[in-house]
Amino acid sequence: MSDASSNEKQIKKSQSSSNFFKTTAKKKKMQISQVEVGVPDPIEEQQKILGRPTPCTVLAVSTTLFILILLIVALGELGLHDKSAFEWKKPPKKARRERLELPCQTVECVKYSASLLESMNSSIHPCDNFHEHVCSGYTPKIRNFEKLLKLIISHPNSDHQKAEKIVRKMLGKCISGDTNVNENRLKTIIPSDLPFPILSGKPTSSIEPVPNSTFKHQDLTKILIHISRHTPDDCGIFGITPSIDSEFTLFVIKPNTPSLTFYQFRNVLDILKRSLPKSETNSTEYEENVYQEMLNDVVELQKKLKEIEFEANPEVIRLSEIQENMTIVDWEELIDTWYPNGNKTFDKKLFGFHTSYYQKVNDLLEKTPSETLYNLLFLRFSFKILRAELSSELEETCLLQVAKTIPGKIILHGSAEPKTKELFDQMLQTIHNHLRNSLTQLKWMDSRGIEEAQKKLNKTKTLFGFDGEELIDELVISENSNYISTLCQVLKWQADKMFKSIAENSISVFLNSEVFYSVEKNELTISRSLLHYPFISFHLPNYTNFATTASRIIPQLIHAFDERGRYYDSNGRYRDWWNSDTEQYFRIIVRCFEAMTQNVFGVSVSIGWNAYDSTKESYAVLPGMNKTDKILFFYSLVKTMCNSDSMKVNNGLASVPEFIDAFKCRNGSLMNSQPTKCKMAS
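Residue numbers (full-length UniProt numbering): 1 to 682.
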C-alpha cells in the first residue's frame, strides 16, 4: 500500500511545472533547431558565384562563365539565392521524451481538457481545417460567465481594493435597475446641443453643403467627437483602436460590432422617448408611420455600411490621406478634442490602412440625408449604453458590461496566479536561450548585426504591468448617480486615459494590450491577465504554457529584431544597425513570405515549439486526450486563438513543418498546400 502511495506521489510530483526546468548534473549540448533562420550566408553565395576562376584552360574559363550566366538568369529575382535556400528541410527524427503513465490530475487540467474536447469537432480532419477542427464548438458566452463571477467574489487581501469598490458600485446600480428614467439620463447619453432628428420632431434631411462650411453634414464631426470620447472602438462609421504593435499609435478601422435589427433600434427608441421631459413629449411625437420610415432608413444605411469591405492591407497611410478620402469628417477638429494640443500630437500618431473603405464610406454618406446618418449614429451609441436595460438577462449583461470597463479588467486580470510568474520567468529564459543560439545561425545578417542583436536580446527588459489601480482615485462616483451616468463617466475616463497614453508614449492598462513591446525602450510588458488559467498556469502541462507564449508573447518579442527594431539599438538609441546587405536579403525573405501567402505567426509558433522541445523532462497528457505532447501543443495553441481569424491561423500553421509532421498532413491538403515554406527565424 505504501509503495503504491509513494508511486502516485512520485507521478504527481513529476507532473508539476516546478520540476520542468530542473537540469541534470550532466547537460547535453543544446541542438539548434532544424527550423533555420533566414537564407544561406549571402557572402558565401556571392563568393561562389562571383569568385574569379583559377588559371586554367580557355575551355574551362568559358564553361565557368557560361554556368555563371545561367545561374544569374535563373536566380534573378531572388538576388543570387537558390530557391531551395528558402525551403524548410525536414529535421531528423529525435527520440521522444518520456510520457508519464497517468494523465495530469490537477483541477485546472481537467477543466482545460473538458473545455478543449467540448469545442473540438472530430468530424473535421485536422489537416482539412485545423482552426475549425479545434474551435467549432467554442462558446465564449459560457466561459465568460464563469470568469465574470470573479467580479462579485470578495477578495479581502486583493491589491485592487479601489477597483473592486468601483465595480461593486456599478454592479449594484445596474442589477438593482437603478436607471431612473428622467431627462438627465437622456442628456447624459445625448447632449441637448446635438441634433437627434428622430427624437426632436425636427427633420434634418438636407444634404446640401452648409454655408461657410466645406462639410456636407454640419454636425457630424461634433457627434463623432461625443461618441469617440466614450466608445472610440465604435464610432458608427469607423473605429479608433490602439496599435497592438510596438509604436504608440492609433488606427482608423471598420468597427467590428454586429448590426442591430429593426426591433432593437425600435426598443432603444422607445426607452429614449420615455426619457423625454413631459413638456416636450407632445411636440416631439411623429406619426407612427414616420417612425417606421425613419427606422427603415436607418436599417438600410447600416446594411450598406456593413457591405463595404475593409481590406486589411498591411500598408499604412497617414492622417492626411484619410482626410483626403473621408472628407465628410473634420479630422483636425476631431482629434483636437482627444488630448490638449491633440491635432499636433496625433497628427503623426493616427494611421489608416491602404484600403478603399474610407472613400466608399465617404461616397455613400455624401448621398445620405443627415437625418438618417445622425439617427443611425445616436441609436447605435444609445444601444451600447442601454444594453443592460434592453436585455432579458439583466445580471449577466451587467457583468459583461462592467467587465469591459477598466476597473472590471483590473479585477479579472490584474493579478497573477501564485508561482506562475516564477514559472514564466523560467520559460522566458528558455526562449531567450533558444533565440540566442538561433541568432548565431542567421544567414541574412552580417556578423556585426548578429552581435548587436545578441546584445539587444540580453538587454531586453520584461515587465509585468498594465496596473491602473493608482489611477482609480480619479474616478469619484456619486452614491446618488444612476447606472447610466456612472457608466458614461467610467467610459469617458478610460477613453481619455487611452488617448493620453498614446500622446505621452506611456504604457498602461488603457491600451488594452496583453503584450506590448516598446522598440524605443527595448521593453516587453506583459499583462498579468496571461499569468493564470487558462493561459499560462503553474497547474497546467508546459506544452500548453509554451503554446500560449507562442501565440501571445513571442510575436511581440520578434519586433526587437525585425524591420521595426532595426532602428533602435540595445540601449534604445535611434540607430540603424542593419547594413545594406542585411536589408537586401531581408527583402528577399519578405517577398518569399508574400508569394507563399504565409505570415510571421508561423515563425512565432516554431520558436515556441522548439523552445519547449529543447527541454527534455517527462510530460503528462491532458485527461481524455491520448496524444503526444507535440499534438497537444498545437491543440493548446489554437485553443487560445478561437476568436482569431481562421485563415490567418491556418496559413500560419501551414508554414510550420512540426505541425505537418505531427498530424501527417498530405501534400495538397489545406494545412499542407504550400510547396515552398519560407524561413526567417527558429
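We put the CB at the ideal spot given by N, CA and C, even for glycine.
What are the start and end residues of each continuous alpha helix (DSSP H) run of 4 or more residues lying completely inside the region 617 to 670, in chain order? Under the rule that a run must span 4 or more residues, the alpha helix (DSSP H) segments found entirely inside the region 617 to 670 read 629 to 639, 646 to 653, 657 to 663.
On the DSSP letters alone, give me the boundaries of the beta strand (DSSP E) that V515 sits inside. That run of the beta strand (DSSP E) goes 515 to 518.
Going by beta carbon distance, what residues of the same chain come within less than 8 Å of D473, once the five residues before and after it are set aside? The answer, listed in chain order, is K162.
CA-CA distance, D347 and H230? D347 and H230: Cα-Cα distance of roughly 21 Å.
Determine, using beta carbons only, whether D569 and E393 come nearer to each other than 8 Å. Here D569 is not near E393, since their CB atoms are 8 Å or more apart.
Determine the contact status of Y543 and R97, defining contact as a CB-CB distance below 8 Å. No; because the gap between Cβ atoms is not below 8 Å, this pair is not in contact.
Alpha carbon of S669 to alpha carbon of N343, nearest angstrom: Within the model, the alpha-carbon separation for S669 versus N343 is close to 51 Å.
Hey, F187 and T486: beta-carbon distance below 8 Å or not? Phe is not the amino acid found at residue 187; the sequence shown has Lys there. Their beta carbons are not under 8 Å apart, which means K187 does not touch T486 by this criterion.
Report the rounded CA-to-CA distance for Q441 versus S606, giving the unit in angstroms. CA-to-CA, the gap between Q441 and S606 works out to about 15 Å.
Going by other Cβ atoms of all chains shown within 10 Å of its Cβ, with 16 needed for buried, is A114 buried or exposed? Looking at its Cβ environment, which holds fewer than 16 other Cβ atoms inside 10 Å, A114 is exposed.
Report the three-state DSSP secondary structure of E523 (helix, strand or coil). Strand, per DSSP.
Burial state of R380 (16 or more Cβ within 10 Å): Result: buried.
Per DSSP, R253 is paired with what? One detail in the question is off: residue 253 reads as Ile in this sequence, not Arg. G239.
Nearest neighbour of A495, chosen from S119, I240, L199 [CA to CA]: Nearest of S119, I240, L199 to A495, Cα basis: I240.
Just to confirm, are G414 and R552 a CB contact at a threshold of 8 Å? Taking 8 Å as the Cβ cut-off, G414 and R552 do not qualify as a contacting pair.
Which one or two residues does DSSP pair with R99 in a beta bridge? According to DSSP, which records beta bridges pairwise, R99 is partnered with Y619.
Can you tell me whether P277 is buried or exposed, with buried defined as 16 or more other CB within 10 angstroms of its CB? P277 should be labelled exposed.
Keeping to the same chain, check which residues put their C-beta closer than 6 Å to that of I507; ignore five residues upstream and five downstream. By the criterion of a C-beta distance shorter than 6 Å, I507 is surrounded in its chain by F516, T525, once the five residues flanking it on both sides are discounted.
Excluding the five sequence neighbours on either side, which residues of its own chain have a C-beta within less than 7 Å of the C-beta of G449, listed in chain order? Within the same chain, G449 has close Cβ partners W577, W578, N579, T582.
Answer yes or no: do I385 and I189 have a C-beta to C-beta separation smaller than 8 Å? It is a contact, given that the beta carbons lie within the stated cut-off.
Inter-residue Cα distance where the pair is T327 and S481: Taken atom to atom, the span from the alpha-carbon of T327 to that of S481 is near 39 Å.
Considering just the uninterrupted stretch of the beta strand (DSSP E) at F351, what are its terminal residues? Here the beta strand (DSSP E) through F351 covers 350 to 353.
Nearest candidate by alpha-carbon position, reference V290, set Q218, F248, E371, M445: Ranking the options by Cα distance to V290, first place goes to E371.
Determine the DSSP secondary structure at L463, reduced to helix, strand or coil. The answer is strand: DSSP assigns L463 an E or B state.
Tell me where the alpha helix (DSSP H) around V167 begins and ends. For V167, the enclosing alpha helix (DSSP H) starts and ends at 161 to 175.
Do Y112 and P534 come within 8 Å of each other at the CB atom, strictly closer than that value? Yes, these two residues count as a Cβ contact at 8 Å.
According to the Cβ coordinates, are I308 and G352 closer than 8 Å? The Cβ atoms of I308 and G352 lie no closer than 8 Å to each other.
Beta carbon of H160, beta carbon of E514: below 8 Å? Cβ distance not < 8 Å, so H160 and E514 don't count as in contact.
Alpha carbon of N267 to alpha carbon of K173, nearest angstrom: Rounded to the nearest whole angstrom, the CA to CA distance from N267 to K173 is 21 Å.
Distance CB(I175)-CB(E395) smaller than 8 Å: Against a cut-off of 8 Å, the Cβ pair of E395 and I175 comes out as a contact.
K664 and F601 closer than 8 Å at C-beta: Their beta carbons are not under 8 Å apart, which means K664 does not touch F601 by this criterion.
Would you kindly work out how many angstroms separate the C-alpha atoms of M641 and L540, rounded to a whole number? Roughly 18 Å between the two C-alpha positions.
Rounded C-alpha distance that separates K420 from V252: Per the sequence shown, the amino acid found at residue 420 is Thr instead of Lys. A direct Cα-Cα distance of roughly 36 Å separates T420 from V252.
Where does Y568 sit, in a helix, a strand or coil, going by DSSP? Y568 sits in a strand when the DSSP states are folded into three classes.
For A503, collect the residues of the same chain with a Cβ closer than 6 Å to its Cβ; drop the 5 residues on either side in sequence, then sort them by chain order. Excluding residues within five positions, the ones whose Cβ falls inside 6 Å are Y339, T345.
On the criterion of 16 or more Cβ atoms from any shown chain inside 10 Å, does F262 qualify as buried, or is it exposed? The Cβ neighbour count for F262, taken over all protein chains shown within 10 Å, is under 16; the residue is labelled exposed.
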